[in-house]
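S.K.: Here the sequence shown is numbered in this note's numbering, starting from 159 and rising by one per residue.
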Amino acid sequence: ESLENLDNWVSPRLGIRFQLAQPELLLYYPDGQPFTSYNQERQRAERLAAKLRELNINPEEI
Numbered sequence: 159e160s161l162e163n164l165d166n167w168v169s170p171r172l173g174i175r176f177q178l179a180q181p182e183l184l185l186y187y188p189d190g191q192p193f194t195s196y197n198q199e200r201q202r203a204e205r206l207a208a209k210l211r212e213l214n215i216n217p218e219e220i
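As structure tokens, then:
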């Protein structure tokens, strides 16, 4: 089954809302909190890796 309009569509099974926001597709949990984007997660990973390096821990070895 295809969907004609995905903007503000809510999955009946998952309760996840899909919102078209050019150029992105935004996803929201059932409680309204947004999913984090790939770029946000990548930046978070980079910050955590930098913190580990400050503690003399190589993030590639854990």
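Where a beta carbon is used, it is the ideal one built from N, C-alpha and C, also for glycine.
If you're wondering where the values come from, they're calculated on a predicted model, not measured in any experiment.
Comparing C-alpha positions only, which one of E204, I220 and P188 sits nearest to R171?
M.R.: With distances taken between Cα atoms, R171 lies closest to P188.
S.K.: Could you tell me the distance, in whole angstroms, from the CA atom of Q201 to the CA atom of L178?
M.R.: Rounded to whole angstroms, Q201 to L178 spans 23 Å at the Cα level.
S.K.: If you draw a straight line from the C-alpha of P199 to the C-alpha of E218, how long is it?
M.R.: The sequence given here places Glu at residue 199; Pro does not occur at that position. About 17 Å.
S.K.: Looking at the secondary structure, which residues open and close the beta strand (DSSP E) in which L184 lies?
M.R.: From DSSP, the beta strand (DSSP E) with L184 extends over E182 to Y186.
S.K.: Do you know whose CA, among N214, G173 and N216, lies nearest Q191's CA?
M.R.: Selected option, being the one with the closest Cα: G173.
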